[in-house]
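One structure is given here, and the rest of the page talks about it.
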Amino acid sequence: MAKAELDYTTKMIGTNLSNFSAWHNRTQLILRLLDEQSASDEERKKMLDSELKLIHRALIDPYDQSLWFYHQNLMCTFDPALASGTMAPNLTDIERLEYLENEVEAITEMLDGEEDCKWIYQALISCGVVICRVKGVMSTEMKQRISGWVCELKRLDPLRQGRWLDLEASLNL
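Residues 1 to 173 (full-length UniProt numbering) make up the sequence shown, in order.
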């Protein structure tokens, strides 16, 4: 049953990439499908790779919040504190870091021509914070990068200035 529902969400996303409901349902259906199939760690990793490819193809409009919602859900897979409830809970720290570094590179490339898109900076910050969690430390380089991304958010989204200041404080930037 979960497979048919997942296929339906794929069809709906194909019709309208901004279908928030389809992306949201996908987050739950994939977990259910993997559990129903008693999927191995390798099968779970293949599903993760497939979903990352899907979201990367979908992110042709970086201003679409529904796409970033799903991207953020996928990024939870790499956060050691949240991984147990995700589609690939048993990744090694080395695998997590490899995925995260690839994401930072791909998202950074999206900035070319889209420097005023706050969703890109939020995704970069999120990935950077998770990299620090996996490593157990925030390097000087990562601290500078995250600080720069937060500064961009403060510039782009002044109505949420308090949120960005709180984020700076919570990360000791």
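Quick reminder that beta carbons are idealized off the backbone N, C-alpha and C, glycines included. For clarity, every value in this text was computed on a predicted model and none was experimentally measured.
Collapsed DSSP secondary structure at residue i in the structure displayed
i	result
VAL137	coil
residue 210	Given that the chain is displayed from residue 1 to residue 173, the structure contains no residue 210 and the question cannot be resolved.
MET75	helix
GLU115	coil
ASP7	helix
PRO158	helix
SER66	helix
SER18	coil
ILE60	coil
THR108	helix
ASN102	helix
ALA88	coil
LEU82	coil
ASN25	helix
Counted within 10 angstroms of its Cβ, other Cβ atoms place residue i as buried (16 or more) or exposed
i	result
LYS53	exposed
SER66	buried
GLN122	buried
ARG163	exposed
residue 175	Outside the shown range of the chain, which is 1 to 173, sits residue 175, and nothing can be said about it.
ALA22	buried
GLY14	exposed
residue 179	Absent from the structure is residue 179, since the part of the chain shown begins at 1 and ends at 173.
ILE94	exposed
residue 175	Since the first and last residues shown for the chain are 1 and 173, residue 175 lies out of range.
MET1	exposed
ARG155	exposed
THR86	buried
LEU159	exposed
LEU91	buried
GLU36	exposed
Among the options, the one whose alpha carbon lies nearest that of residue i
i	options	result
ASN25	GLU109, TYR70, ASN90	TYR70
THR10	THR92, ALA58, ASP93, CYS151	ALA58
PRO62	GLU109, ASP49, GLY128	GLU109
PRO89	TRP149, GLU103, GLU42, ILE13	GLU42
LEU111	ILE60, GLN144, ILE94	ILE60
LEU74	ASP64, SER50, ASP166, THR92	SER50
GLY128	LEU173, LEU91, ASP157, SER84	LEU173
ASN19	TRP68, LYS46, GLN144, LEU153	TRP68
Taking three-plus beta-carbon pairs below 8 Å as touching, is the stretch 68 to 80 in contact with the stretch 123 to 133?
-> yes
Does the stretch 3 to 12 touch the stretch 27 to 44, meaning 3 or more C-beta pairs lie closer than 8 Å?
-> yes
Using 8 Å as the threshold, is the stretch 135 to 147 in touch with the stretch 109 to 122, meaning 3 or more CB pairs across them?
-> no
Inspect the CB distances between the stretch 142 to 150 and the stretch 92 to 99 and report whether three or more fall short of 8 Å.
-> no
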